[in-house]
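Chains as they are written, first to last, in the working numbering: chain A, 1 to 299; chain B, 300 to 640; chain C, 641 to 875. Okay, so here's the structure we're looking at.
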Amino acid sequence: MDLYLLQQVINALSYGSILALLAIGYTMIYGILGLINFAHGEIFMIGAFCAYLLITFVGSPFILGIAAAVGGAMLIGLFIERFIYRPCLNRNAEVLTVFIASFGASLGFRNLMTMIYGDGRRAFPIPPQLDQILVTESGLFINTKDIWIFGVTLILLIAVSCFIKFSRLGVAMRAVAYNANAARLVGVNSRVIVTLAFAIGSALAGVSAVAYGTSFGILNPSMGYLAGLNGFIAAVLGGIGNVPGAAIAGFIIGLGEVLFVGLLPPSWSAIRPTFVWILLFIILFIKPSGLFRPNIRIE
Amino acid sequence: MNGKIKFLIGIIVYFALLWLAQNFLRDYHLRLLIQFGLTAIVALGVNLTNGYTNIFSLGFGGTMLVAGYTTALLTLPVEYKAQFLQLPLWLEQLSVPFPLAMLIAGCLGMLASIILLLPAFRLRGQYFILASMGINIVVENLAENVRWLTHGNIGLRGIPMYTNIWWVFGLLAIIFYCLHRLMQSKHGRALVVISKDQELAGVMGINVVRYKVLSFAVGSFISGIGAALWCHQVLMINPKAFSLLYVFQLVAMIAIGGTGTLSGPIIGAAILMIGTELIMPLQEGFTLFGMTIPPAFGAINVFTAILLIIIMIFRPKGLMNGKELWEHFPRLFGLKKQSSS
Amino acid sequence: MLTIQDIYAGYDKAVVLHGISLDIHPNEVVALVGPNGAGKSTTIRCITGEIKPVKGDIRFCGNSILPLSPDKIVPLGISCSPEGRNIFGNLTVFENLRMGGFLVRDKNVLKERIDWIFNLFPRLKERHKQLAESLSGGEQQMLAIGRALMSGPRLLLLDEPSLGIAPVIVDSIYEKITEISQQGTSVLVVEQNVGLALEIAQRAYVMESGKIHHSGMSADLLNDRYILDTYLGVK
């Protein structure tokens, strides 16, 4: 492979990882509730802030920062589920109503953080031992943090995929996504499954947030918004409800964006946001259900 | 006969109130009132598609941007265009009167929405929402980068001031009346059937695609006019003018006021604008009993969000709950209590 | 074992059931028959807890199950193969069965039951790795019954097991239902196909317009002129 191309692929690893981890949360929740959890990007953002606050102001080790991100994101995710979506769903609201509520949650949390921290960028603390550049003999530049991010992501993706594929609750999640009523008739409490989906999705968003901070070195209250949209696009491209599909699509989008910037003349890179959407439109017009098989009932 | 007289009196009172506002309100409040009026126009347009026809589209920000740039380019002074933009000569020299510019803006907005959204009709449910959101981002991104036409991120400034209370509230009244008539006609009922059940509508012999396009065309024409009015009030336009945040706020207004009604979006707009005014001091920081409360940016949006969530939980159809204001309070509007048609 | 006492139930404001009462005793196959729209499926859905009756009571082994949600009724020993089968098309046959035994924690029990079901329906064993939606209608029905059996029910509810299935396969499925009941499970089978249901059931209830019109031993009902004329079209 061309050295330049290979370098671009390496550069895309961590961005792809971030999107892949985010996409899983969208795809799980959409699969089970039929709902775009618009606030997922904000769960991600709050995760990043939890890690940032703990590491920068308390001075805790990086690993505790990761734990804080995961914990904070899970807490917010479960809070949103319990106090915003569930009351809506309990009143038999239409999905659109819940979607608008998720809009509200997104707007609310993003601006709440802006109220508290202002919307300026802050520097995410990256441990120096993670941030080293290796040069291979052939002249490739590899940043160790990208390798770490990719490695951790890969392990998590495999773990989650195995959980979905083989475990009792994982099978139940897929069953609920396909037919929630039939799942109740075999004794599945769908509330538990919904809570589980939110917990797993939010936890992964927390990891993704740390990856984002480590990779780009910055965070701000609106970071979740663009990253979240791209994560959701990945979820759709991967076939809604299909966890490995979402992860693969996340990498495809990450790689696509990096190659778009890397291969085309620099004047094109300003329309990078457009590129993702054009990619989405093209794929949806060719295959309206996404690249891989959706894991929901197709009516 | 009686009804006609009441209608006339209503119109006279409406314009008398406008005259009073024009002459006795302070500048600041007058501007707020105008802002409210044009937001209400946009909300009515969006509600036609998102509320009545139940095609939840977030793409209207994009089409409004098209309309806004159109009216700006048609009315900006020739010297300004020559200095900052690289336009073809005919466009550079073109200068049209405000009403015509507004009309063209509405039509181009309509055209843009049909061209951009028609392909997306293939997509179902929330995929459509996603695609429509993408259209927003794509148009915004293009506006940032097609510099010869849009002047990039800086946007166009110095748009002549044409919008005033008469234009805004005159158009609001006309649009309101037209939409009211539309919704009572067979076309309006067709839209409502489509919103309830598309397949049923198809079986009933309603041309679903035609009506969806119609609803989109009329809706985006109205919001395009709103965008044009906005430009001639704020006197500038840039790619972020109708960004997703604006789209969110509009959706919130409609959802809070009540989707699928004519009075709902207007009431929603009023609530959010009044709320914004009340919370503005908090956002800018103020002094209370000698204590300085620091500014808290985003307080307004937090307020919007909380209100929106509460309404969605306890009154999913919005405050109006599917009925018009005058159906809630028939006495107040001098109507006899009648079953809603 | 199961006693339904005078229930009234329906959807939103439309009442479908007007005072249904029926009993199912242990080790019995009971048929609930009647024309389309009589309220048979609604009755089933009341038992599974999907619909809450507005009046009346449903007792299982002496305890009222009215306040329980469907996922709390399954562990008591009531299991249902719903109308239209409703299998999980995105799961494999094996995973479908495993979902049937979702509440069974003991791995050995799970394995025993799966073996038993594969014995009952060897077709399922052949296809255990296939996605359920790729099965034929008859195989899907077998899978739905198998899935319902996985929780080890004392009462099995079968909603229209013959719907849209080739007659040959219907016969073999009905044979299996008899076999299942002989192993100690009570069965309530809902059918439009009256003749078929009466063949395997000891007792039957005949429903029409939300009420029980006749009830009695299957043999007696089969000799009843009215039943024969109305439902079996025998002159």
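The beta-carbon is built from N, C-alpha and C at its ideal position, and this holds for glycine as well.
Could you round the C-beta distance between A366 (chain B) and L407 (chain B) to whole angstroms and report it? I think they count as a contact, below 8 Å.
-> 6 Å
Strand pairing of F141 (chain A), partner residues [DSSP] | A:V135
Below-7 Å beta-carbon distance, M739 (chain C) vs any chain A residue = yes
Nearest CA to the CA of L388 (chain B): which residue from B:Q425, B:L373, B:A400, B:R480?
-> B:L373
Proximal chain A residues relative to I428 (chain B), where beta-carbon distance stays under 8 Å = I36, F99
If T56 (chain A) sits next to P125 (chain A), beta carbons under 8 Å apart, how far is it from one beta carbon to the other, in whole angstroms?
-> 5 Å
Checking contacts by CB at 7 Å: is M572 (chain B) closer than that to chain A?
-> no
Whole runs of the alpha helix (DSSP H) within the segment 50 to 82 of chain A, excluding any shorter than 4 residues = 62 to 80
Near-chain C residues of the segment 169 to 198 of chain A - C-beta to any C-beta below 8 Å = V171, A172, R174, A175, A177, Y178, N179, N181, A182, A183, R184, L185, V186, G187, V188, N189, S190
Mark F166 (chain A) as exposed unless 16 or more other C-beta atoms lie within 10 angstroms of its C-beta, in which case mark it buried.
-> exposed
Check whether the Cβ of R630 (chain B) lies closer than 7 Å to any Cβ atom in chain A.
-> no
If we count Cβ pairs, one from each stretch, closer than 8 Å, do we get three or more for the segment 699 to 713 of chain C versus the segment 176 to 187 of chain A?
-> yes
Could you work out which residues of chain A lie near D711 (chain C), taking near to mean beta carbons separated by less than 7 Å?
-> R184, G187, V188, N189
Which residues in the same chain as I805 (chain C) place their Cβ atom closer than 8 Å to its Cβ, once the five residues preceding and following it in sequence are excluded?
-> G777, G778, Q781, I813
Using the beta-carbon of each residue, which ones in chain A are nearer than 7 Å to R787 (chain C)?
-> V186
For T362 (chain B), the nearest candidate out of B:Q385, B:Y379, B:G518, B:F547 (CA to CA) | B:G518
Candidates A:Y212, A:G31, A:A234, A:L53, of which the one nearest G224 (chain A) by Cα = A:Y212
Starting from D646 (chain C) and walking both ways along the beta strand (DSSP E), at which residues does that stretch end?
-> 642 to 651
Minimum Cβ-Cβ distance from I436 (chain B) to chain A less than 7 Å | yes
Which one or two residues does DSSP pair with F700 (chain C) in a beta bridge?
-> C:L642, C:N703
If the cut is a Cβ gap below 9 Å, which residues of chain A does P580 (chain B) touch?
-> Ordered by position in chain A, no residue passes the 9 Å Cβ test against P580 (chain B), which lies about 14 Å from the chain.
The segment 476 to 493 of chain B in contact with the segment 334 to 351 of chain B per 3-pair CB rule at 8 Å = yes
Using a C-beta cutoff of 7 Å, does N730 (chain C) count as contacting chain A?
-> yes
Evaluate the contact criterion for the segment 101 to 116 of chain A versus the segment 199 to 209 of chain A: three or more CB pairs, one atom per stretch, below 8 Å.
-> no
Coil, strand or helix - D146 (chain A) by DSSP = helix
Taking only beta-carbon atoms, is P615 (chain B) less than 7 Å away from chain A?
-> yes
Closest Cβ-Cβ distance between C686 (chain C) and chain A: below 7 Å?
-> no
Could you say which of A:R191, A:D131, A:F99, A:G241 lies nearest to S14 (chain A) if we only look at CA atoms?
-> A:D131
Which chain E residues sit within Cβ distance under 7 Å of T114 (chain A)?
-> Although the question refers to chain E, the structure presented lacks it and instead comprises the protein chains A, B and C.
Starting from V846 (chain C) and walking both ways along the beta strand (DSSP E), at which residues does that stretch end?
-> 843 to 848
Alpha carbon to alpha carbon, what distance is there between G835 (chain C) and G717 (chain C)?
-> 28 Å
Just tell me which of B:A400, B:S522, B:E443 has its CA closest to the CA of G336 (chain B).
-> B:S522
Is there a Cβ from chain A that is less than 7 Å from the Cβ of N726 (chain C)?
-> yes
May I ask which residues mark the beginning and end of the alpha helix (DSSP H) holding S190 (chain A)?
-> 190 to 216
Run the CB neighbour count on S821 (chain C), radius 10 Å, all protein chains shown included, and call it buried at 16 or more, exposed below.
-> buried
Buried or exposed (CB count within 10 angstroms, at least 16 for buried), Y178 (chain A) | buried
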